[in-house]
Structure formats: structure tokens, C-alpha cells
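Peer 1:
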Amino acid sequence: MSNRPFRFVHAADLHLEEVPRGVAHVPTHLTDLFLQSPYRAAERVFDAACSEHADFLVISGDLLDAARTGPRGPLFLVEQCEKLAARGIPVYWAGGLVDPPEAWPPSVRLPDNVVFFPVGRPEEVIFNRQSEPVVRLLGASRTQGRRLRPNEYAAEPGGLFTIAVTHGGADPESLKRREIGYWALGGRHQRQTLFSGPEAAHYPGTLQGRSPSDTGQFGCTLVEVDPRRTIRLTPITTHVFRWHAEQVDVGQSDTRKDLETILRQRIELLGQAHPAVDSMISWTVSGSGRLLTAIRRGGLADELVEMLRKEYGFGQPALWSLTLEAEAAICVPPPWFEQETVRGDFLRMIRDWREKPRAEIDLTEYLPECYLAGWLSAAATVSDEQELKRILAEAAMLGVDLLTPEGPES
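If you want it as C-alpha cells, here you go:
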């Protein structure tokens with residue numbers, strides 16, 4: 169039985185075909201950053217395998233959809249794998265949903281250091297160092313339409329440390345029962361360790377957040393196994409820019425100048441916390457007072473975003489403000505709900521909607537027939553509970569703004 173230490177980089181869900189989305193307008197000076205981010209983040213994985221002196225690189229699916237990337241995707245991957253081949257670093261790749269083996273273009277030859285696991289039952293590969301076996305890998309590309317089957321993977325009792333390389337989800341307990349040393353999993357875009365201890369099961373997450381909701385750190389994982397088979401997981405950051413969702417609070421007496429000061433202080437703190445990476449920031453203003461009404465009703469939000477962009481959006485790093493919105497919360501005086509007015513009727517209707525449990529909101533009946541078969545139809549059906557509450561709160565405050573005359577609140 170080998171007890172030699174080893175280390176490797178585990179990556180998954182690279183999605184070279186997916187550029188960032190969910191931004192209404194990308195400024196000219198950030199266009200290249202957005203378009204190149206999937207490739208630049210992926211390149212950092214291969215660079216990390218070199219700089220960390222990894223014994224090998226494991227990729228657990230959804231590396232690229234070659235039909236969507238065109239020739240650039242496969243050629244980029246070949247170039248990066250050749251970089252590892254020159255250093256004697258193997259690449260073990262299990263396909264996921266977008267990259268089954270049959271989707272790889274036959275005209276592009278993968279370097280000899282790449283093992284692309286087939287679909288079906290797991291295939292065994294032994295990693296050797298100086299002609300001595302060090303670790304055993306069991307890998308299989310994902311079978312379309314089928315969940316991961318842990319019982320197809322088996323450890324080698326009294327033998328080599330076993331790594332299972334695959335894409336998909338399974339019950340953690342069913343994975344534990346297989347006594348596999350390390351489950352190198354893919355298929356979840358957020359970093360997650362299902363369990364750790366004598367054995368571990370881990371999703372490294374995707375390399376780069378693709379939308380404003382993808383806040384936080386993204387990257388791959390350095391996995392180190394010592395002679396006692398103790399596993400250590402270390403995150404390696406690969407994102408080339410970072411999304412932030414920032415919330416600031418205002419009070420009844422706060423003025424526009426007060427809010428501008430709060431925003432400047434917060435964005436400068438962000439720049440200090442992340443000095444080496446560009447930031448894309450979505451702002452939410454919560455609290456109470458006329459500032460919130462001005463943000464919802466008029467052009468104050470646009471003016472504040474423009475101010476922040478001019479002052480902070482063109483530096484190094486760029487601190488680019490995407491949006492500024494009032495918090496989606498129903499903030500009105502309680503007596504308004506009981507008034508015999510159109511506004512009171514509207515607020516009572518909203519209250520009834522919020523108090524009655526509903527599976528979803530279906531707005532497709534309001535769409536023209538020409539849109540019923542497209543993506544807009546899916547967007548018009550909302551089933552997520554938190555999203556339902558947010559939409560109802562926004563609808564409530566929009567209605568209140570439209571039904572409340574200018575002047576003293578009453």
C-alpha cells in the first residue's frame with residue numbers, strides 16, 4: 169500500500185462558453201474584461217497546477233460546450249494542457265452535461281497527458297511517480313439524464329488512496345458508504361464540501377461568477393493528501409472580477425448628501441478590501457424616509473449611479489456600480505392599510521396576497537401570444553418564495569408611489 173503524499177488541483181464547471189450576463193449595459197472599458205473572463209479564469213487553473221507543483225489536475229465536468237465556443241474553446245484547452253504536459257502534469261477529465269466525450273471535435277487531438285473518462289461505468293487509472301503507484305482514480309463522464317450512481321465506485325481495501333472523478337449530485341450518506349478517499353465532484357457552481365474527515369466529497373464551484381447574484385469568491389481547490397491520508401482543501405481564487413451586493417441604510421432625516429457620503433465610504437472600503445480585482449456593485453438602499461421614495465419615483469437612483477461611476481468606475485481596479493434600488497419592502501404607515509381609499513384597497517389586496525400561501529405567480533396571461541414560446545414566458549412564472557415576496561413588495565411600493573399625491577404624507 170502506498171502512503172506517499174500527493175497534491176492536485178480540482179476544478180469543475182469552467183463553462184468556457186458562458187460570458188457574464190444580467191447587466192443592462194457593459195461600458196466600453198470593461199467589455200474585454202467581460203468577454204475574456206471565462207478564459208482568463210480557466211487559464212489561472214492551469215497556472216495554479218504549475219505554481220503549486222501539483223502532481224495532476226482533475227476536471228469534474230462542464231469544461232466547455234464546444235459547439236458554442238467554436239474553435240477557440242478546444243484550441244485553448246489543448247494549449248493549456250500542452251503547458252502541463254511540458255511539466256509532466258497529467259489531466260484527468262470527466263465530462264458533465266455540456267461536454268460529453270462525443271461532443272469533442274474529432275479534428276482536434278487532445279495531448280497525451282489528458283485522460284478523458286468515457287461515459288458509463290467508471291474507468292480506473294493509476295497515477296505513478298517515478299514508476300511507483302501513488303493514487304488510484306476512478307472516473308466516468310456523466311450519462312445524460314441519469315443521476316450519479318455511487319455504488320458503481322468502490323475503494324480498494326488496503327490499497328491505494330482512491331479518487332472518484334465525476335459530475336452530478338447524490339446523497340452524501342450514499343457517497344460516504346463507498347469509503348472513497350476523495351469524491352472530486354462537479355455540477356454545483358458554489359463551492360461546497362459535503363463531508364470531510366477520513367474521506368471527503370467536494371465541489372470546487374465555478375471559476376467566475378456569471379451574474380450579479382454570483383457574489384463572493386470563485387475558483388478551484390488545491391487538494392493535499394499526506395502520508396497518513398489526511399486531506400487538506402485550500403481554495404484558489406480564479407475570478408478576474410467580483411460581483412458585490414451592497415446594502416446601505418438611511419433614516420427619516422437623511423439627505424441626499426448623507427447618502428452620497430455613505431456610498432462613497434462603502435465603495436472605498438470595497439476597493440481597500442479587494443485591491444487587485446475589479447468589482448461590479450449592485451446597491452440596495454433600505455430604511456425609511458423620502459430618500460427611498462425619491463429613489464423609486466424619480467431619477468435620483470440614476471444620478472447616484474452616474475456619480476459613483478465617474479468617481480470610481482474608471483480606476484485601477486475599477487469599482488463599477490451597476491444599479492441602485494430601494495429595498496423591496498412594504499414600508500408604509502399601518503393606518504394606510506385601513507383607509508377607505510383606492511390606495512387602501514390596493515394595500516389590502518397586496519396584504520392578502522402575501523398572507524395566503526401560493527405555489528407561484530403566473531403572469532403569462534398578460535403576454536402577447538408571440539412571446540409565449542420564448543424565454544420571457546419562463547420569466548413570467550415565479551415560484552421561488554423569496555422572489556415572490558420581493559416582487560409583491562416592489563409592486564406594493566410602486567402602487568403606493570402612484571396612488572400617493574405629492575406633499576405631506578397622509
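Under the numbering used here, the residues of the sequence shown are numbered 169 to 578, in order.
The beta-carbon is built from N, C-alpha and C at its ideal position, and this holds for glycine as well.
Bear in mind that the values here come from a model prediction, so they are computed numbers and not experimental data.
1. Rank Leu459, Pro290 and Ile399 by C-alpha distance to the C-alpha of Asp426 and give the top, closest one.
2. Specify the secondary structure class of Ala254 as computed by DSSP and reduced to three states.
3. Look at the alpha carbon of Val418 and the alpha carbon of Gly457, and state the distance between them as a whole number of angstroms.
4. From Val510 to Pro502, what does the alpha carbon distance come to, in whole angstroms?
5. So what does DSSP say about Leu306, is it helix, strand or coil?
6. Work out the CA separation of Gln358 and Arg558 for me, nearest whole Å.
7. Is the number of C-beta pairs between the segment 185-200 and the segment 209-228 that are closer than 8 Å three or more?
8. Are at least three pairs of beta-carbons, each pair with one atom in the segment 190-201 and one in the segment 362-373, less than 8 Å apart?
9. Let me check one thing: in DSSP terms, what residues is Ser228 bridge-paired to?
10. Report the option in Gln507, Asp446 and Arg465 whose CA atom is closest to the CA atom of Gly481.
11. Tell me Cys388's beta-bridge partners as DSSP assigns them.
12. For a cutoff of 7 Å on Cβ pairs, would you count Val213 as touching chain B?
13. Less than 7 Å between the C-beta atoms of Ala659 and Thr532, yes or no?
14. Any contact of the segment 406-413 with the segment 432-449, i.e. 3+ C-beta pairs under 8 Å?
15. Based on Cα-Cα distance, which residue from Phe329, Leu232 and Ala308 lies nearest to Asn319?
16. Short check: CB of Pro340 to CB of Leu362, under 7 Å?
17. Is there contact between the segment 229-236 and the segment 422-440, where contact requires at least three CB pairs shorter than 8 Å?
18. Could you pull the DSSP bridge partners for Ala368 from this structure?
19. Is Thr374 helix, strand or coil when you go by DSSP?
20. Output the boundary residues of the beta strand (DSSP E) element that contains His178.
Peer 2: Let's see:
1. Considering only alpha carbons, the answer is Leu459.
2. Under the three-state reduction of DSSP output, Ala254 falls in the coil class, being neither helix nor strand.
3. Pairing Val418 with Gly457, the inter-Cα distance amounts to about 8 Å.
4. Cα-Cα distance, rounded: 15 Å.
5. For Leu306, the secondary structure class from DSSP, reduced to helix, strand or coil, is strand.
6. Going from the Cα of Arg558 to the Cα of Gln358 covers about 23 Å.
7. Touching, no.
8. Taking a cut-off of 8 Å for Cβ pairs, the segment 190-201 and the segment 362-373 do not touch, as fewer than three such pairs fall below it.
9. According to the DSSP secondary-structure assignment, Ser228 is paired through a beta bridge with Ala262.
10. Considering only alpha carbons, the answer is Asp446.
11. Partner(s): Ile404.
12. No chain B appears in this structure, which consists of one protein chain only.
13. Here the chain has residues from 169 to 578 only, and residue 659 is not among them.
14. At 8 Å Cβ cutoff, the stretches touch.
15. Per the Cα distances, Ala308.
16. Contact flag set, yes.
17. Result no; under three Cβ-Cβ pairs closer than 8 Å.
18. Bridge partners of Ala368: Tyr350.
19. Three-state DSSP puts Thr374 in coil, outside helix and strand.
20. Per DSSP, His178 belongs to the beta strand (DSSP E) from Phe174 to Ala179.
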